[in-house]
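Asker: Quick one: this structure, given as structure tokens, is what I'll be asking you about.
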Amino acid sequence: MCGIVGILNSKSLKSDAIEILKKLEYRGYDSAGISLFSDQKIRTIKSVGKISNLEKKSKNISDKFFSGVIGHTRWATHGVVSRNNAHPFANENLTLVCNGIIENYSQIQNRYKEIPKNIKSDTEVSFYYLSYLIDKYKNPDEAIEIFQKTIRGNFAFVIFIKKNNCFYILKNGSPISISNKNQSFYICSDSSILSNYHDTIFHCEDGDIIKINESKISYLQKKNKISFQKNISYQNPYDKGNYQHFMLKEIHEQPSVLKSTQSKYTSEYFIDFETKFRHLFEVDKIVLVGCGTAYHASMVGEYYFNHFTNKEVSTELASELRYKKINKNKQILYIFISQSGETMDTLMALKYVKSMNHKSLVITNSLESSMVREAEVTIPTYAQKEVGVASTKAFTCQLLSLANLALELGRMENSISNQIYKKNINLLTKLPSKIKKLINEFTPNAKIISKKLSQANACYFIGRNIAYPIALEGSLKLKEISYMHSEGFPGGEMKHGPIALIDKDSITVCLIPNNDLFEKSVSNAQEISARNGKIIILSSVKNMSKINGEIKVMNMPKENIIDTPFIYTIPLQLISYYFALSEGTDIDQPRNLAKSVTVE
Ligand code: AGP
């Protein structure tokens with residue numbers, strides 16, 4: 001993970017670097033640092049915690065006599081969170097930052113006596129190794145080439161060597177882009193941030209070594225000229241407006257982003273579906289792949305495809321799929337779901353299925369991402385930038401994408417009638433206003449439930465069929481931002497083990513939509529209540545028959561299978577948010593997490 005910035009030849013080195021690092025904080029916020037440099041001097045400032053600490057620490061340092069800066073915000077992988085392990089790693093001649101993991105760092109560390117044996121950070125080992133190579137080889141270019149050939153893993157490095165006053169960018173797996181105007185260069189691991197600086201951009205590719213010497217930029221190993229393209233500018237997503245947190249802002253943005261996503265789909269994206277997509281769906285099987293929340297979206301997608309099409313469909317966690325044997329004899333379409341388009345597990349799984357000659361489609365919110373560059377076809381979600389670590393609007397837009405895809409496929413292969421297709425598209429079109437009403441009406445209830453949660457030791461979520469992945473998502477949301485112990489289960493599984501967890505100090509949120517499994521879901525709630533577990537029922541069925549014990553029934557709007565996952569997601573997002581608010585946690589940047597998980 002981690003975020004990297006590099007700036008050359010700009011009037012505001014320090015303030016721009018800090019500004020960019022703040023935007024990159026979603027990639028990790030364990031520690032941060034910057035190195036200001038010139039052909040005379042390297043000056044490094046590091047601190048533990050968020051960028052605001054670094055900002056305070058570097059307040060009185062002037063960038064006047066420097067020509068460049070590199071900076072880093074860290075999500076710790078190797079080595080504890082400490083000032084020592086913060087990047088950049090620097091001495092009087094070299095400074096570098098890295099995003100990613102160097103897999104063979106311990107072999108390198110063991111091989112060279114010049115590398116201290118007590119250091120734990122893979123980047124620090126790489127720093128000592130490169131500094132050894134620079135001393136050994138007269139030409140720093142040669143040292144860089146040997147360095148790149150030796151290190152193994154997924155990484156992006158930004159390096160300054162004072163000896164030849166050169167700046168290097170190395171990429172393998174982790175994203176890194178460069179924007180340029182005249183003599184000035186901005187380098188960043190999130191290309192969307194660069195649009196605020198320069199209007200041309202270049203996305204580095206795996207294996208690239210780019211060298212910048214004063215204002216001359218070139219490949220180190222290739223003869224080709226680096227060609228910059230026009231940079232698309234984005235709205236400023238880093239403004240919370242009147243909201244206390246990005247998460248709350250993003251929950252409230254759902255009606256509008258769902259509306260724009262649906263209107264893009266109906267007005268252009270899925271028009272002429274057959275011509276665009278038939279070739280992709282001529283397969284024996286569909287497999288939906290993702291991590292975390294995106295995996296839960298995949299699970300919902302499985303229920304949609306199962307309901308509206310005749311295709312065989314299943315889901316896989318990207319981190320597991322990567323290491324599984326894949327059936328070569330079947331034609332499979334893998335659909336990858338990722339908000340960031342950069343999640344390393346998902347990206348690697350995509351590369352893996354491609355290498356096995358299977359078809360691939362990516363559903364993502366980030367059109368500039370590595371996954372888009374890999375996939376055969378991309379379906380964008382139009383959720384706009386999601387800043388809060390906890391995914392909310394990106395998730396519901398992913399659901400919308402999958403709902404549309406399943407309906408289009410069902411209609412194309414005649415597994416649903418035109419009438420059913422139209423009815424469901426109509427439901428999806430009406431969804432934004434339904435969601436808006438629900439957010440407003442449920443907010444007071446979410447605040448009441450959050451008070452109840454503060455008296456509990458654990459909170460469980462249960463649901464069946466299409467509500468089951470939503471139970472998992474509700475639980476993930478709660479644990480990630482409030483740190484409360486929480487699990488999600490399929491309602492029918494409780495009696496096979498998890499019901500042993502139930503006691504008077506637990507609360508179980510039961511999702512009970514009005515569908516074929518309604519009675520069975522009510523029984524599952526009864527079984528928990530009978531064991532003194534407190535329950536909260538979310539259901540669209542009014543006047544539900546009495547359940548003993550302490551319960552609370554919350555009325556949900558009437559639902560159909562297609563809008564069930566949306567309707568039941570909203571209350572869970574709000575409950576988690578208001579509970580975390582009362583717990584005083586760092587809602588937008590919860591402990592130990594990062595928005596974009598760019599390591600394995
Ligand atoms: C969601 O709240 C999480 N922070 C996390 O599970 C996330 O969904 C997962 O890491 C996948 O990210 P992606 O969608 O960017 O691939």
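For the sequence shown, the tail end lands on 600 under our numbering, and the numbers increase by one without skipping. Where is the CB? At the ideal position from N, CA and C, for every residue including glycine. Small disclaimer: the values here were computed from a predicted structure and weren't measured.
(1) Do you know offhand how far Asn93's Cα is from Pro140's?
(2) To the nearest angstrom, how far is the alpha carbon of Tyr128 from that of Pro88?
(3) Residue ranges of each beta strand (DSSP E) run of no fewer than 3 residues wholly in the stretch 286-346, ordered along the chain?
(4) By the DSSP assignment, the beta strand (DSSP E) with Met247 in it spans what residues?
(5) Is Thr266 a contact residue of the ligand AGP, with contact defined as CB to any heavy atom under 7 Å?
(6) I'd like the span of the alpha helix (DSSP H) that includes His485, first residue to last.
(7) I'd like the span of the beta strand (DSSP E) that includes Lys216, first residue to last.
(8) Would you give the residue range spanned by the alpha helix (DSSP H) that Ser450 belongs to?
(9) Specify, as a first and last residue, the run of the beta strand (DSSP E) that Gly463 falls within.
(10) Taking just the CA atoms, how far does Leu258 sit from Lys393?
(11) Would you list, in sequence order, the uninterrupted alpha helix (DSSP H) runs of no fewer than 4 residues that lie entirely inside the stretch 356-413?
(12) Give every residue of the same chain whose Cβ lies closer than 6 Å to the Cβ of Ile159, excluding the five residues on either side of it in the sequence, and list them in chain order.
(13) With 16 other CB atoms within 10 Å as the buried threshold, where does Ile575 fall?
(14) Is it the case that the stretch 411-425 contacts the stretch 470-480, given that we only count it when at least three CB pairs across the two stretches are under 8 Å?
(15) Considering only residues of the same chain and omitting the five flanking positions on each side of Phe270, which have a CB-CB separation below 7 Å?
(16) Which residues bound the beta strand (DSSP E) around Gly68?
(17) Beta-carbon within less than 8 Å of Lys240's beta-carbon, same chain only, minus the 5 sequence neighbours each way: which residues are those?
(18) Let's see if you can read the secondary structure: which residues bound the alpha helix (DSSP H) around Arg591?
(19) Along the alpha helix (DSSP H) that carries Tyr578, what are the first and last residues, could you check?
(20) Determine the DSSP secondary structure at Ala32, reduced to helix, strand or coil.
(21) Thinking C-beta only, is Asp63 closer than 8 Å to Leu13?
(22) Quick check on Pro513: buried or exposed, where buried means 16 or more other Cβ atoms within 10 Å of its Cβ?
(23) Straight-line CA distance for Phe281 to Val353?
(24) With burial defined as no fewer than 16 other Cβ atoms inside 10 Å of the residue's Cβ, what is the status of Ala500: buried or exposed?
(25) Spatial neighbours of Asn306 within its chain, please: CB distance less than 8 Å, with the 5 preceding and 5 following residues excluded, ordered by chain position.
(26) Can you tell me where the alpha helix (DSSP H) with Leu130 in it begins and where it stops?
(27) If you count every other CB in all the chains shown that lies within 10 Å of the CB of Arg83, and 16 or more means buried, which is it?
(28) Could you pull out every unbroken beta strand (DSSP E) segment of at least 3 residues lying fully inside the stretch 142-196, listed in chain order?
(29) For Leu472 and Ile193, what's the separation of their Cα atoms in angstroms?
(30) At 3 residues or longer, what runs of the beta strand (DSSP E) sit wholly inside the stretch 489-526?
(31) Just list the residues that DSSP pairs Leu94 with in beta bridges.
(32) Does Ser263 come out as helix, strand or coil in the three-state DSSP assignment?
(33) What three-state label does DSSP hand Ile210 in the structure shown?
(34) Going along the chain, which residues of its own chain have a beta-carbon closer than 8 Å to the beta-carbon of Arg591, five neighbours each way excluded?
(35) Suppose you measure from the CA of Asn418 to the CA of Val289; what does that come to, to the nearest Å?
Answerer: Looking at the atomic coordinates:
(1) 11 Å
(2) 12 Å
(3) 312-317 and 332-338
(4) Here Met247 belongs to no beta strand (DSSP E); instead the alpha helix (DSSP H) covers Phe246 to His252.
(5) No, the beta carbon of Thr266 sits no closer than 7 Å to any heavy atom of the ligand AGP.
(6) That residue, His485, is in no alpha helix (DSSP H); its beta strand (DSSP E) goes His485 to Pro490.
(7) Lys216 to Tyr219
(8) Asn418 to Leu453
(9) Ala458 to Gly463
(10) 8 Å
(11) 370-374 and 393-412
(12) Leu96 and Tyr168
(13) By the neighbour-count criterion, in which 16 or more other beta carbons inside 10 Å mark a residue as buried, Ile575 falls on the buried side.
(14) no
(15) Within the same chain, Phe270 has close Cβ partners Asn404 and Glu408.
(16) Gly68 to Arg74
(17) Excluding its 5 nearest sequence neighbours in each direction, Lys240 has C-beta neighbours in its own chain below 8 Å: Phe246 and Lys249, listed in chain order.
(18) Taken as a continuous stretch (DSSP letters only), Arg591 belongs to no alpha helix (DSSP H), as it is neither H nor E.
(19) First-last of the alpha helix (DSSP H) with Tyr578: Thr564 to Glu583.
(20) strand
(21) yes
(22) Buried, by the Cβ-count rule.
(23) Rounded to whole angstroms, Phe281 and Val353 show a C-alpha spacing of 16 Å.
(24) exposed
(25) Val313
(26) Asp122 to Lys136
(27) Exposed, by the Cβ-count rule.
(28) 153-161, 166-172, 177-181 and 184-188
(29) 32 Å
(30) 506-512
(31) Ile161
(32) helix
(33) Looking at Ile210 - three-state DSSP - the assignment turns out to be strand.
(34) Excluding residues within five positions, the ones whose Cβ falls inside 8 Å are Tyr483 and Thr585.
(35) In this structure, the straight-line span from the alpha carbon of Asn418 to that of Val289 is close to 29 Å.
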